[in-house]
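Enquirer:
In the numbering used here, the protein residues as written are 2 to 296.
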């Protein structure tokens with residue numbers, strides 16, 4: 002492997018045309034300059050320079066191969082400089098990409114963090130994968146994402162995590178229904194109701210179906226949607242009941258009632274997760290700092 006130090010010495014000598022000025026620029030002695038050139042010629046097994054005596058003054062000339070080596074040396078040294086600049090920019094968040102997995106249900110919780118992060122680190126490109134928690138976990142494990150929102154419980158052996166939210170599931174019913182008079186509703190009471198659920202790629206949907214199975218029934222699902230407000234509209238249209246996190250039921254208007262679900266209590270517990278076996282990038286660390294201030 003050719004030493005960058007030798008290439009730098011050679012290129013400087015070509016540009017200054019002086020052993021003295023080369024030594025001064027590189028803060029080395031003239032004998033060291035000569036030694037470096039000799040070592041480079043030995044490693045490449047070519048003659049780079051020939052020296053002519055003109056008017057008792059030693060003049061440096063490039064050989065044909067010396068000119069070609071010089072041109073390559075300049076490219077290599079410029080590339081090294083570009084690399085160092087890029088690394089500095091990366092460290093100081095002047096360049097980079099943050100690949101984040103965000104589920105459709107929960108993106109609103111990150112709005113203030115997104116604004117804060119972009120305001121401070123506007124040169125970082127934000128690339129989102131908008132899928133359910135299962136898809137985000139798979140993408141994290143395949144190194145297709147740097148960080149992502151997951152639904153608890155997660156694999157604590159593989160992921161670090163930071164809390165985002167924890168809301169109970171509520172049963173959404175019409176305000177004028179008999180259900181609205183109840184203080185709590187158990188899952189068993191819903192056994193014969195029509196269910197309006199999220200799409201199958203939503204991990205929360207899987208938690209609901211697992212809970213139904215544990216209570217020995219298969220829910221009658223009449224519709225699935227990825228839009229929580231559409232599910233609520235279908236409740237108002239008397240198509241059935243739906244289960245939504247309290248974060249969303251607090252946004253419902255006076256047409257609806259949201260009753261706590263008990264036995265079991267199902268929680269919408271979101272965390273920001275990143276892999277333990279991969280060193281987080283400066284962009285990931287900056288994102289986590291923004292989260293600490295805004296979540």
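We put the CB at the ideal spot given by N, CA and C, even for glycine.
Quantities reported herein were computed from a predicted structural model and do not represent experimental measurements.
1) Just grab the DSSP bridge partners of residue 272 for me.
2) Is residue 191 closer than 8 Å to residue 242 when the C-beta atoms are compared?
3) State the DSSP-derived secondary structure class of residue 56, mapped to helix, strand or coil.
4) When the Cα atoms are used, what is the spatial distance from residue 239 to residue 144?
5) So what does DSSP say about residue 187, is it helix, strand or coil?
6) Determine contact between the segment 263-273 and the segment 205-219, defined as no fewer than three beta-carbon pairs at a distance below 8 Å.
7) Taking only the alpha-carbon atoms, compute the straight-line gap between residue 290 and residue 186 and give it to the nearest angstrom.
8) Whole-angstrom Cβ separation of residue 160 and residue 274, contact assumed at under 8 Å?
9) In terms of residue numbering, what span does the beta strand (DSSP E) encompassing residue 31 cover?
10) Quick one: what does DSSP say residue 242 is sitting in, helix, strand or coil?
11) What is the DSSP secondary structure of residue 175, reduced to helix, strand or coil?
12) How many whole angstroms separate the CB atoms of residue 197 and residue 232, which I take to be in contact at a CB cut-off of 8 Å?
13) Which residues share a DSSP beta bridge with residue 126?
14) Just curious, the alpha helix (DSSP H) that residue 118 is in, first and last residue?
15) Which parts of the segment 189-250 are runs of the alpha helix (DSSP H), unbroken and 4 residues or longer, counting only runs that do not cross its ends?
16) Work out the CA separation of residue 132 and residue 108 for me, nearest whole Å.
17) Near residue 31, what residues of its chain come up, given a Cβ to Cβ distance below 7 Å and the 5 sequence neighbours on each side ignored?
18) Where residue 118 and residue 111 are concerned, what is the direct C-alpha to C-alpha distance, given to the nearest angstrom?
19) If you follow the beta strand (DSSP E) that residue 261 is in, where does it begin and where does it stop?
20) Using 8 Å as the Cβ pair cut-off and three pairs as the minimum, do the segment 72-83 and the segment 247-262 touch?
21) Cutting at 6 Å between CB atoms, please list the residues of its own chain near residue 14, excluding the five before and the five after it.
22) Please name the residue in 194, 229 and 284 whose C-alpha comes closest to that of residue 1.
Expert: Taking the coordinates as given:
1) Residue 272 is bridged to 151 and 164.
2) The answer is yes: Cβ separation under 8 Å.
3) Bear in mind that the predicted position of residue 56 carries a pLDDT of just 42, short of 50, making it too unreliable to give a figure here.
4) Computed Cα separation, rounded: 44 Å.
5) strand
6) yes
7) 39 Å
8) With a Cβ gap of about 4 Å, residue 160 and residue 274 count as contacting.
9) Run containing residue 31: none in the beta strand (DSSP E); it sits in the alpha helix (DSSP H), 31-45.
10) strand
11) The answer is strand: DSSP assigns residue 175 an E or B state.
12) Residue 197 to residue 232, Cβ: 5 Å. Contact.
13) In DSSP, residue 126 forms a bridge with 98.
14) 112-121
15) Those alpha helix (DSSP H) runs which fall completely within the segment 189-250 and span 4+ residues are 204-215, 229-237 and 247-250.
16) 11 Å
17) 20, 21 and 24
18) Their Cα atoms are separated by approximately 10 Å.
19) 257-263
20) no
21) 23
22) Absent from the structure is residue 1, since the part of the chain shown begins at 2 and ends at 296.
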